[in-house]
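Just so we're aligned: 79 in the numbering used here is position 79 of the sequence shown, and the numbers increase by one with no gaps anywhere. Shown next, in C-alpha coordinates, is the structure this report addresses.
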Amino acid sequence: MSGATISLHTRDGHLASAYEARPDGKPRGGLVLLQEIFGVTAHIRRVCDGYAACGYHVVAPALFDRIRPGVELGYAKDDAAIGRDLRSRIPWEQVFADVAAARQHVSGAGKVATLGYCWGGMVSWRAATQLEGIAAAICYYATQIDAYVAEKPRCPVLMHFGESDPIATLDHAGGLRAAQGAQVEIQVYPAGHGFNCDEIPGFHRPSAELALQRSLDFLSLHIG
(Lines of atoms letter the chains of each structure in order from A and count residues from 1; the text may use other names and numbers.)
(Lines give C-alpha, C1' and ligand atoms only; values in the text may rest on other atoms or scores of the structure.)
Protein backbone atom coordinates (compact mmCIF):
# COMPACT_ATOMS: atom_id res chain seq x y z
CA MET A 1 0.00 0.00 0.00
CA SER A 2 1.30 3.49 -0.88
CA GLY A 3 -0.06 6.98 -0.21
CA ALA A 4 0.73 10.35 -1.80
CA THR A 5 -0.67 13.81 -2.43
CA ILE A 6 -1.87 14.28 -6.01
CA SER A 7 -3.78 16.85 -8.08
CA LEU A 8 -7.21 16.42 -9.64
CA HIS A 9 -8.50 18.39 -12.64
CA THR A 10 -12.21 19.13 -12.28
CA ARG A 11 -14.76 19.71 -15.03
CA ASP A 12 -14.98 23.42 -14.15
CA GLY A 13 -11.24 24.01 -14.45
CA HIS A 14 -10.24 23.77 -10.79
CA LEU A 15 -7.03 22.04 -9.76
CA ALA A 16 -7.66 20.32 -6.42
CA SER A 17 -5.19 18.53 -4.22
CA ALA A 18 -6.12 15.09 -2.93
CA TYR A 19 -4.66 12.28 -0.88
CA GLU A 20 -4.42 9.01 -2.77
CA ALA A 21 -3.80 5.55 -1.34
CA ARG A 22 -3.34 2.53 -3.59
CA PRO A 23 -3.47 -1.13 -2.59
CA ASP A 24 -0.49 -3.40 -3.13
CA GLY A 25 -2.33 -5.71 -5.53
CA LYS A 26 -5.14 -5.40 -8.03
CA PRO A 27 -7.83 -3.07 -6.62
CA ARG A 28 -11.20 -4.46 -5.59
CA GLY A 29 -12.79 -1.16 -6.60
CA GLY A 30 -12.49 2.58 -6.20
CA LEU A 31 -13.39 4.67 -3.14
CA VAL A 32 -13.87 8.44 -2.91
CA LEU A 33 -13.33 9.28 0.75
CA LEU A 34 -14.86 12.56 1.89
CA GLN A 35 -13.48 14.72 4.66
CA GLU A 36 -14.96 16.16 7.81
CA ILE A 37 -15.07 19.95 8.24
CA PHE A 38 -11.47 19.80 9.45
CA GLY A 39 -9.92 19.07 6.04
CA VAL A 40 -7.89 16.14 4.77
CA THR A 41 -6.26 15.61 8.15
CA ALA A 42 -3.78 13.01 9.34
CA HIS A 43 -6.78 11.04 10.61
CA ILE A 44 -8.47 11.09 7.19
CA ARG A 45 -5.23 10.03 5.54
CA ARG A 46 -4.95 7.08 7.93
CA VAL A 47 -8.52 6.09 7.12
CA CYS A 48 -7.62 6.18 3.42
CA ASP A 49 -4.59 4.00 4.10
CA GLY A 50 -6.77 1.53 6.00
CA TYR A 51 -9.20 1.10 3.12
CA ALA A 52 -6.30 0.79 0.67
CA ALA A 53 -4.87 -1.98 2.86
CA CYS A 54 -8.25 -3.70 2.42
CA GLY A 55 -7.82 -3.60 -1.35
CA TYR A 56 -9.42 -0.35 -2.50
CA HIS A 57 -7.96 2.45 -4.60
CA VAL A 58 -8.82 5.46 -2.44
CA VAL A 59 -8.73 9.19 -3.09
CA ALA A 60 -9.74 11.96 -0.66
CA PRO A 61 -10.21 15.30 -2.46
CA ALA A 62 -9.36 18.44 -0.48
CA LEU A 63 -12.77 20.09 -0.73
CA PHE A 64 -11.63 23.29 1.00
CA ASP A 65 -9.03 24.00 -1.69
CA ARG A 66 -11.68 26.05 -3.48
CA ILE A 67 -11.54 28.58 -0.64
CA ARG A 68 -8.25 28.00 1.16
CA PRO A 69 -5.70 25.46 -0.10
CA GLY A 70 -3.97 23.16 2.33
CA VAL A 71 -6.46 23.45 5.19
CA GLU A 72 -5.82 20.97 8.00
CA LEU A 73 -7.57 22.04 11.18
CA GLY A 74 -7.51 20.72 14.72
CA TYR A 75 -10.58 19.59 16.64
CA ALA A 76 -11.12 22.52 19.03
CA LYS A 77 -14.31 24.61 18.93
CA ASP A 78 -12.52 27.44 17.13
CA ASP A 79 -11.30 25.01 14.47
CA ALA A 80 -14.81 23.66 14.02
CA ALA A 81 -16.11 27.22 13.56
CA ILE A 82 -13.51 27.83 10.85
CA GLY A 83 -14.46 24.57 9.15
CA ARG A 84 -18.17 25.39 9.20
CA ASP A 85 -17.45 28.80 7.68
CA LEU A 86 -15.37 27.29 4.88
CA ARG A 87 -18.04 24.68 4.20
CA SER A 88 -20.74 27.33 3.93
CA ARG A 89 -18.82 29.22 1.24
CA ILE A 90 -18.51 26.33 -1.24
CA PRO A 91 -21.46 25.92 -3.67
CA TRP A 92 -22.77 22.39 -4.17
CA GLU A 93 -21.89 22.41 -7.85
CA GLN A 94 -18.22 22.90 -6.95
CA VAL A 95 -18.38 20.12 -4.37
CA PHE A 96 -19.95 17.80 -6.93
CA ALA A 97 -17.25 18.72 -9.48
CA ASP A 98 -14.53 17.74 -7.00
CA VAL A 99 -16.26 14.46 -6.17
CA ALA A 100 -16.76 13.70 -9.87
CA ALA A 101 -13.06 14.31 -10.57
CA ALA A 102 -12.11 11.97 -7.72
CA ARG A 103 -14.55 9.34 -9.00
CA GLN A 104 -13.05 9.56 -12.46
CA HIS A 105 -9.54 9.24 -11.05
CA VAL A 106 -10.28 5.89 -9.38
CA SER A 107 -12.68 4.56 -12.02
CA GLY A 108 -10.00 2.34 -13.52
CA ALA A 109 -10.16 0.26 -10.33
CA GLY A 110 -13.71 -0.89 -11.18
CA LYS A 111 -16.94 0.16 -9.50
CA VAL A 112 -16.67 3.28 -7.34
CA ALA A 113 -18.24 4.07 -3.96
CA THR A 114 -18.25 7.21 -1.85
CA LEU A 115 -17.65 7.21 1.90
CA GLY A 116 -17.75 10.29 4.10
CA TYR A 117 -17.70 11.52 7.68
CA CYS A 118 -19.63 14.44 9.21
CA TRP A 119 -19.89 17.01 6.38
CA GLY A 120 -18.37 14.37 4.14
CA GLY A 121 -21.20 12.03 5.13
CA MET A 122 -23.68 14.53 3.75
CA VAL A 123 -21.54 14.95 0.62
CA SER A 124 -21.53 11.17 0.21
CA TRP A 125 -25.34 11.12 0.49
CA ARG A 126 -25.83 13.88 -2.06
CA ALA A 127 -23.27 12.30 -4.42
CA ALA A 128 -25.45 9.19 -4.32
CA THR A 129 -28.53 11.21 -5.27
CA GLN A 130 -27.03 13.66 -7.75
CA LEU A 131 -24.05 12.08 -9.53
CA GLU A 132 -23.77 9.29 -12.06
CA GLY A 133 -21.20 6.54 -11.74
CA ILE A 134 -21.52 5.97 -7.98
CA ALA A 135 -22.19 2.30 -7.25
CA ALA A 136 -22.62 2.60 -3.46
CA ALA A 137 -22.43 5.24 -0.74
CA ILE A 138 -21.56 5.11 2.96
CA CYS A 139 -22.34 8.02 5.26
CA TYR A 140 -21.08 8.42 8.83
CA TYR A 141 -23.08 10.84 11.04
CA ALA A 142 -24.02 13.01 8.06
CA THR A 143 -24.55 16.60 9.17
CA GLN A 144 -27.29 18.88 7.78
CA ILE A 145 -28.86 15.97 5.94
CA ASP A 146 -32.38 16.81 7.11
CA ALA A 147 -32.88 19.20 4.19
CA TYR A 148 -32.07 16.42 1.70
CA VAL A 149 -33.71 13.29 3.12
CA ALA A 150 -36.31 13.18 0.32
CA GLU A 151 -33.72 13.02 -2.47
CA LYS A 152 -33.67 9.65 -4.18
CA PRO A 153 -30.34 7.80 -4.23
CA ARG A 154 -29.23 6.16 -7.46
CA CYS A 155 -27.37 3.39 -5.61
CA PRO A 156 -27.44 1.45 -2.33
CA VAL A 157 -26.65 3.57 0.75
CA LEU A 158 -25.43 2.65 4.24
CA MET A 159 -25.87 5.22 7.03
CA HIS A 160 -24.14 5.18 10.44
CA PHE A 161 -25.62 7.24 13.30
CA GLY A 162 -24.69 7.64 16.96
CA GLU A 163 -27.68 7.42 19.27
CA SER A 164 -26.50 10.36 21.41
CA ASP A 165 -25.29 12.52 18.50
CA PRO A 166 -26.65 16.08 18.92
CA ILE A 167 -25.70 17.07 15.34
CA ALA A 168 -26.60 14.13 13.10
CA THR A 169 -29.56 13.14 15.20
CA LEU A 170 -31.88 10.17 15.48
CA ASP A 171 -34.62 12.50 14.23
CA HIS A 172 -32.62 12.84 11.02
CA ALA A 173 -32.31 9.06 10.86
CA GLY A 174 -36.06 8.79 11.33
CA GLY A 175 -36.65 11.27 8.53
CA LEU A 176 -34.51 9.15 6.25
CA ARG A 177 -36.41 5.99 7.19
CA ALA A 178 -39.73 7.68 6.49
CA ALA A 179 -38.59 9.07 3.14
CA GLN A 180 -36.52 6.16 1.85
CA GLY A 181 -37.85 2.93 3.31
CA ALA A 182 -35.63 -0.07 2.63
CA GLN A 183 -33.57 1.74 -0.02
CA VAL A 184 -31.27 3.04 2.71
CA GLU A 185 -29.68 0.86 5.42
CA ILE A 186 -29.48 2.73 8.72
CA GLN A 187 -27.32 1.51 11.60
CA VAL A 188 -27.30 3.12 15.05
CA TYR A 189 -24.50 2.86 17.64
CA PRO A 190 -24.21 3.63 21.38
CA ALA A 191 -22.03 6.66 20.66
CA GLY A 192 -22.04 10.36 19.85
CA HIS A 193 -20.85 12.52 16.98
CA GLY A 194 -17.48 11.66 15.46
CA PHE A 195 -17.31 8.22 17.05
CA ASN A 196 -14.98 6.97 14.31
CA CYS A 197 -12.28 9.60 14.92
CA ASP A 198 -9.63 8.35 17.32
CA GLU A 199 -8.27 11.87 17.86
CA ILE A 200 -11.29 13.26 19.75
CA PRO A 201 -12.86 12.46 23.15
CA GLY A 202 -16.01 11.18 21.41
CA PHE A 203 -14.15 8.26 19.83
CA HIS A 204 -15.93 5.00 20.65
CA ARG A 205 -13.82 2.05 19.62
CA PRO A 206 -16.50 -0.70 19.71
CA SER A 207 -18.83 1.38 17.54
CA ALA A 208 -16.01 2.36 15.17
CA GLU A 209 -14.92 -1.25 14.75
CA LEU A 210 -18.46 -2.51 14.13
CA ALA A 211 -19.21 0.30 11.68
CA LEU A 212 -15.97 -0.42 9.83
CA GLN A 213 -16.83 -4.10 9.49
CA ARG A 214 -20.30 -3.26 8.23
CA SER A 215 -18.80 -0.76 5.79
CA LEU A 216 -16.33 -3.32 4.44
CA ASP A 217 -19.11 -5.88 4.05
CA PHE A 218 -21.23 -3.29 2.23
CA LEU A 219 -18.36 -2.39 -0.12
CA SER A 220 -17.63 -6.06 -0.78
CA LEU A 221 -21.24 -6.64 -1.71
CA HIS A 222 -21.68 -3.63 -3.99
CA ILE A 223 -18.30 -2.83 -5.56
CA GLY A 224 -16.09 -5.85 -4.95
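Beta carbons: idealized from backbone N, C-alpha and C, even for Gly.
In the three-state reduction of the DSSP assignment, Ile82 falls in the helix class, which pools H, G and I.
Note that the C-beta distance between Arg45 and Gly224 is not below 8 Å.
Within the DSSP secondary-structure output, Thr5 pairs in a beta bridge with Tyr19.
CA-CA distance, Ser17 to His57, rounds to 16 Å. Per DSSP, Ala53 is one residue of the alpha helix (DSSP H) stretching across 42-53. Pairwise C-beta distances place the stretch 153-168 in contact with the stretch 177-191, as three or more of them are shorter than 8 Å. Residue environment: Gly39 is assigned as buried (16 or more neighbouring CB atoms within 10 Å of its CB, all protein chains considered). Within the same chain, Val32, Leu34, Pro61, Thr114, Val123, Ala127, Leu131 come within 8 Å of Val99 by CB-CB distance, once the 5 residues on both sides are set aside. Bounds of the alpha helix (DSSP H) holding His172 are 170-180.
With a threshold of 16 other beta carbon atoms within 10 Å, Gly108 falls short and is exposed.
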